[in-house]
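Quick notes on the structure that follows.
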Ligand SMILES: Nc1ncnc2c1ncn2[C@@H]1O[C@H](COP(=O)(O)OP(=O)(O)OP(=O)(O)O)[C@@H](O)[C@H]1O
Ligand SMILES: [Mg+2]
């Protein structure tokens, strides 16, 4: 999409049509205004027919110049047939560029240009953030010259967000950018030259007249010397004076004209790919990437545990059927016949589980997760087609897990003679443990711990599984809580410790002197401003290597570098030491440095809206969690850009930092003629908060899943443990162990393993959290990676509580064991 | 003075048609220090009776007074305490913990008992001084039963109950186990009750109670018990 700050002429339209690789190009016009009685800003665009077409949800598209089709999100506020009144920033019903200010609502539409629900983009109207949009007829605009051009290319392939697509589009944009810039400059120069030429001829004419006048003056002087006809002379003198005044007026008019012409604002033809002009498109892609990260990490843990659990359970089932197998074999059944039961059982359970999983996994769960994630977006018809590949893969894995271990254990048994099989398997005998060879430790252990250590050594696989299950649970809990804490932490740190300003009011420094003065006076008169400072603000871009789209950077040059820390704390991310703006380099934000692989002392290439590139040296990297920024001193600006700073913004720190107050201030600023836009420092806050509320669901899912994981693993293992050792437990019961002692006899080891699992889980959780928090945040943001100790305690205690609940269930089961029954049977 | 007094004790499983009277109105008394043998056919109700005497099961009816206390209506916790303090149990199938060494199996019992005997000395007494560090699977059946007896004795119980202690052993080994039990009874003056279906060993006991069909068939005191070595069967 190409956007221009003035109309695109016929000649330039033709030029754009002939740019390389253009498949379709469609010109359109748009204009921002404020909805009367609110501070909501609306962007009116001419209807499109080929690219970014608008989908009518209800009603119809506008046919007349006084009709509008609103965003479908406005359906709750307006009805078809109602009128909507628009005003300019000053609240007057007069919007330059628009013929009408009152429109009849004729329909509601959705547009792929506006994917987000809030903050659709930056605008000069209202609070500076676009609230909604509307579609009007082309004739609603007073100028016939379009201001935007939408382009589709013929050389791009692949889906949106695929790197093939994004790379090619970016390449095309880069190629076109230079030409468009030249074109814009040329046109600028042309207009200037034409104007100047006109002025020049006017000037020469004026000069001639001036000359004539001075000639007349001289003649008059000579005449006065001769002193003839005084009255005639007087009249002539009067006329000369009048003429001179007229000429002087003409001269001053010419001079101001010349001045405005030299200061003629540059014409920009800015070409941007979807990622840059459509904030929603980019963010949606980033969010999808986030889901990708999560879905590639968490299931692995669950898969591993599911596999382990089904392996143990199924092989245990085969072991339990040992005598049955023996009897069947003794009765003359073939090996295959005896195996058949395991095949059938394994297949049935595997298929049943997979069917249930496929149903949940392609329907319910994705819908829930999508709902949480798309909270900020207007994405219609979410589709969850069952994925044949993933379902088949899952079925194969689950079948392998259910059939293979059972059949394998059974197969091993079948090697034995039926007679052997009919006897119960002798219990695993004990053996010396390593620790026993260290008498100085072993002899000091209490008896219970010796027993526990022996048991631990006896069932090594189970020990491994318990640790793994608990580890997974703890790690998931830490990560779940950690994700939330990290993002919560961002908001706090970002807005309490780093960013202290609330609004940057950007104005046109080349505006007429009185308008500029008005603007600055408004700032001075604003109520509730704690501090303000003058800065230069410009939005520049930079493209780090290996990333297929541009990063937007706010370039800020404070007039006073000494008190700037009052507005933005520049500090080293790890040492928290304050950074100063020097005269030989810029300070960039942390995430930008990470993305660009830049260290202090390296260079960064930045590009302004015109496509001019400048190389800046990085002298510092500062802590920042959302948005890329670049700070430099006026002196260094001069060095890099070759001219001194033309300050264009006021940075304000408000006493009342509420969103409402910030909106109020922004509105007052944009109301000024000289205003360009107002940038609110809490724009990112809303985004983070939205992500947070989405993540709360996710964190809940993670926590529930982690708890289930802990339960399943601990329950399965303890259950197997108890049934296998029922005889042992009965024996010690007979010896006079109290119920709790009996429970502890088996559970002490699980508890120790759980503790070990929790400790390892701390390490695993810290690692997983670190990994996810580095991959999860969007490119413009980063998270605080530090984990709170409360997180460790909560996760650890929760895991141990799960363990204790399982223990309670087991205690109940153990106490109901019929000790006499268990002891009656033969060894 | 009677150390054990069983009065009108019955154990009934099931009800109505399927009612099984495992013990049916059993009455007897045992004096302090007696070596008692309970004999009877398979299914007679011997194990049921022994389990009730050992506080592992409660009778359906009647009183079981041991050392002046009626344990018949003890709560589960009181029964556990009773077993812990006063009872040593030896099973037909040893029921050793496979994962613990012989010594540790004995320690398992001694460490929960308030006045336990020295474990190593008990091991020496049962003749297993050299095998203390072995695991059950590394011991013969007789040796395993010795460990089981050591485990029961180490708690220093008032009453040693043995359910078919020789049932899984050969003749010679069985004999040596019975000798061990007889010696224990003589040396410590503690009550030992041995349940068996082998009537031939009756002569080793001070007191023989014969059970049939859940009832006491015979209750004989034997003033001149024969040492086990001299009994042949
Ligand atoms: N839990 C039970 N439920 C139902 N009936 C039982 C139960 N325990 C034992 N019985 C029955 O009580 C009767 C006595 O059983 P008990 O085990 O006391 O016999 P026993 O004399 O020890 O026999 P054996 O010499 O074979 O060990 C038997 O008929 C048995 O079937
Ligand atoms: Mg029996």
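Residue numbers (the UniProt record's numbering), protein chains in the order written: chain A, 1 to 827; chain B, 1 to 233. The C-beta atom is built at its ideal place from N, Cα and C for all residues, glycine as well. This one's a predicted model, so the numbers in the text were calculated from it and none came from an experiment.
Give me the residue from the options with the minimum Cα distance to residue i.
i, options, result
"residue 179(B)", "133(B), 111(B), 228(B), 165(B)", "228(B)"
"residue 38(B)", "158(B), 201(B), 174(B), 223(B)", "201(B)"
"residue 341(A)", "489(A), 674(A), 324(A), 383(A)", "324(A)"
"residue 534(A)", "506(A), 461(A), 40(A)", "506(A)"
"residue 345(A)", "371(A), 402(A), 319(A)", "402(A)"
"residue 224(B)", "9(B), 174(B), 207(B), 107(B)", "207(B)"
"residue 446(A)", "226(B), 107(B), 51(B)", "107(B)"
"residue 454(A)", "435(A), 441(A), 551(A)", "435(A)"
"residue 128(B)", "198(B), 10(B), 171(B), 144(B)", "144(B)"
"residue 132(A)", "143(A), 463(A), 119(A), 331(A)", "119(A)"
"residue 477(A)", "320(A), 234(A), 564(A), 757(A)", "757(A)"
"residue 29(A)", "235(A), 3(A), 543(A), 791(A)", "3(A)"
"residue 736(A)", "79(B), 69(B), 44(B), 12(B)", "79(B)"
"residue 412(A)", "600(A), 570(A), 574(A), 338(A)", "338(A)"
Would you tell me roughly how many angstroms separate the C-alpha atoms of residue i and residue j, rounded to the nearest one?
i, j, result
"residue 122(A)", "residue 785(A)", "30 Å"
"residue 404(A)", "residue 358(A)", "21 Å"
"residue 148(B)", "residue 397(A)", "48 Å"
"residue 36(B)", "residue 53(B)", "13 Å"
"residue 742(A)", "residue 465(A)", "23 Å"
"residue 392(A)", "residue 155(A)", "36 Å"
"residue 20(A)", "residue 685(A)", "41 Å"
"residue 798(A)", "residue 720(A)", "23 Å"
"residue 827(A)", "residue 93(B)", "Any reading at residue 827(A) must be qualified, since the residue scores a pLDDT of 44, below 50, and its modelled position is unreliable; no value is offered."
"residue 442(A)", "residue 810(A)", "29 Å"
"residue 713(A)", "residue 492(A)", "38 Å"
"residue 675(A)", "residue 282(A)", "28 Å"
"residue 662(A)", "residue 671(A)", "14 Å"
"residue 43(B)", "residue 6(B)", "20 Å"
"residue 568(A)", "residue 69(A)", "42 Å"
"residue 238(A)", "residue 538(A)", "55 Å"
"residue 540(A)", "residue 148(A)", "20 Å"
"residue 134(A)", "residue 142(A)", "17 Å"
"residue 432(A)", "residue 747(A)", "21 Å"
So, is residue i buried or exposed, given that buried needs 16 or more other C-beta atoms within 10 angstroms?
i, result
"residue 762(A)", "buried"
"residue 706(A)", "buried"
"residue 444(A)", "exposed"
"residue 456(A)", "buried"
"residue 612(A)", "exposed"
"residue 115(A)", "buried"
"residue 110(B)", "buried"
"residue 558(A)", "buried"
"residue 265(A)", "exposed"
"residue 812(A)", "exposed"
Below 8 Å on the Cβ atoms is my contact criterion, and I expect residue i with residue j to pass it. Report the Cβ-Cβ distance as a whole number of Å.
i, j, result
"residue 828(A)", "residue 125(A)", "Nothing in the structure corresponds to residue 828(A), since chain A is present only between 1 and 827."
"residue 161(B)", "residue 87(B)", "6 Å"
"residue 803(A)", "residue 754(A)", "4 Å"
"residue 219(A)", "residue 254(A)", "The pair is not a contact, with the Cβ atoms about 26 Å apart (cut-off 8 Å)."
"residue 25(A)", "residue 151(A)", "5 Å"
"residue 472(A)", "residue 301(A)", "5 Å"
Run through DSSP, which three-state label would residue i get?
i, result
"residue 36(A)", "coil"
"residue 41(B)", "coil"
"residue 490(A)", "helix"
"residue 827(A)", "With a pLDDT of 44 at residue 827(A), under the threshold of 50, the modelled position of that residue is not reliable, and no figure is offered here."
"residue 504(A)", "strand"
"residue 832(A)", "Residue 832(A) cannot be examined here, being either before or after the span of chain A that is shown, 1 to 827."
"residue 114(A)", "coil"
"residue 257(B)", "Residue numbering for chain B in the displayed model covers 1 to 233; residue 257(B) lies beyond these limits and cannot be assessed."
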